[in-house]
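Only one structure is covered here, and it is reproduced in the block below.
Protein chains: 2
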Amino acid sequence: MSVKQVIIVPKDVKMSKGKMAAQVAHASVTNMLKMVGGRYMAQRDLVTDWAASGMTKVVLEVPTTIDLMKVLHNAQGKDVVTCVIRDAGNTELEPGTTTCVGIGPASEELLDTITGELKLYGES
Amino acid sequence: MSVKQVIIVPKDVKMSKGKMAAQVAHASVTNMLKMVGGRYMAQRDLVTDWAASGMTKVVLEVPTTIDLMKVLHNAQGKDVVTCVIRDAGNTELEPGTTTCVGIGPASEELLDTITGELKLYGES
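Which chain is which? The protein sequence lines are U and Y, in order. With the first letter of the first sequence counted as 1, position 118 gets the number 118 in the numbering used here; the numbers rise by one all the way through. With the first letter of the second sequence counted as 1, position 15 gets the number 1015 in the numbering used here; the numbers rise by one all the way through.
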């Protein structure tokens, strides 16, 4: 089973390259921390499999923050770890701006049912 | 004590915004995994402090990969967690290309002695 993590960034939030990278990293770490405790304990093997296979992370895009919330809502109906990253707003963005959503680590098959239609960030 | 993590990206490696974000996320997660086991066990409180204070991540730049190796060498002489991220080369880059270096979580004071002179990514 192939395990990966996806992070989805809305194109209508304007961030510098460095800012976006930090936000995506927040999402990646947040989900990993969620996986090692609490309600995702049963999925801990996924973290091991993910780490062993190079911790694949894929950054996808959606046009707007509304689209992002639709994807999140879809994911929250399934047994997969999710997080919503909001910016403190100290630098480029308004406080509380949603910058990205992280989903997984999870099986590629499950992730494809949630984000299979989305493009790689920057490809559209 | 303020705890943060820095990720340093060389400007001479040309990556898309999504690619760079994924690489920075690799560095962030890799260092956190290193902190929870092995030689950095004594520094585990840093992870707790870092998580409690919002897991601050700062993305910095250096002009070239050579500069990146100098910063890494400096960091490796101190008691701080580091990682070097290399790309598998399946998409935009040559296999094995070094894409970034992660340092910390660590105290801001210690990090400033290593990366205090570097600019935020994209600011130069």
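Yeah, the Cβ is synthetic: ideal placement off N, Cα and C, and Gly gets one too.
Please report whether the beta-carbon of residue i lies at a distance below 9 Å from any beta-carbon of chain Y.
i, result
"residue 2/U", "no"
"residue 61/U", "yes"
"residue 58/U", "yes"
"residue 9/U", "yes"
"residue 38/U", "no"
Only counting the same chain, and skipping five residues up and downstream in sequence, which positions put a Cβ closer than 7 Å to that of residue i?
i, result
"residue 65/U", "10, 12, 13 and 98"
"residue 75/U", "82, 103 and 114"
"residue 1080/Y", "1103, 1104, 1106 and 1110"
Evaluate residue i with the Cβ neighbour count: other Cβ atoms within 10 Å of its Cβ, from every protein chain shown; 16 or more gives buried, anything less gives exposed.
i, result
"residue 1123/Y", "exposed"
"residue 43/U", "buried"
"residue 1022/Y", "buried"
"residue 53/U", "exposed"
What does the alpha-carbon distance come out to for the pair residue i and residue j?
i, j, result
"residue 1132/Y", "residue 17/U", "Nothing about residue 1132/Y can be read from this structure; chain Y reaches only from 1001 to 1124."
"residue 83/U", "residue 31/U", "6 Å"
"residue 115/U", "residue 1077/Y", "43 Å"
"residue 35/U", "residue 1046/Y", "20 Å"
"residue 1096/Y", "residue 1026/Y", "14 Å"
"residue 1005/Y", "residue 101/U", "21 Å"
"residue 1091/Y", "residue 1002/Y", "37 Å"
"residue 68/U", "residue 7/U", "10 Å"
"residue 40/U", "residue 1015/Y", "33 Å"
Compute every distance between the C-beta of residue i and the non-hydrogen atoms of the ligand FMN, then say whether any falls below 8 Å.
i, result
"residue 1067/Y", "Because no ligand of any kind appears in the structure shown, any question about the ligand FMN cannot be addressed here."
Ignore the nearest five residues each way along the sequence and tell me which others in residue i's own chain have a CB closer than 6 Å to its CB.
i, result
"residue 1093/Y", "1087"
"residue 1056/Y", "1004"
"residue 1085/Y", "1023, 1026, 1027, 1099 and 1100"
Let me see if you follow: with CB-CB separation under 9 Å, is residue i close to chain U or not?
i, result
"residue 1025/Y", "yes"
"residue 1041/Y", "no"
"residue 1065/Y", "no"
"residue 1069/Y", "no"
"residue 1018/Y", "yes"
"residue 1118/Y", "no"
"residue 1029/Y", "yes"
"residue 1035/Y", "no"
Which residues in the same chain have their Cβ closer than 8 Å to the Cβ of residue i, if we skip the five residues on either side of it in sequence?
i, result
"residue 959/Y", "The structure shown does not extend to residue 959/Y, since chain Y spans only 1001 to 1124, so no value can be given for it."
Exercise for the section: Taking a Cβ distance cut-off of 8 Å, strictly less, list which residues of the segment 1076-1110 of chain Y are near chain U, in chain order. Expected result: 1088
Exercise for the section: Return the residues of the segment 45-56 of chain U that lie within a Cβ-Cβ distance of less than 8 Å from chain Y, sorted by chain order. Expected result: 51, 54 and 55
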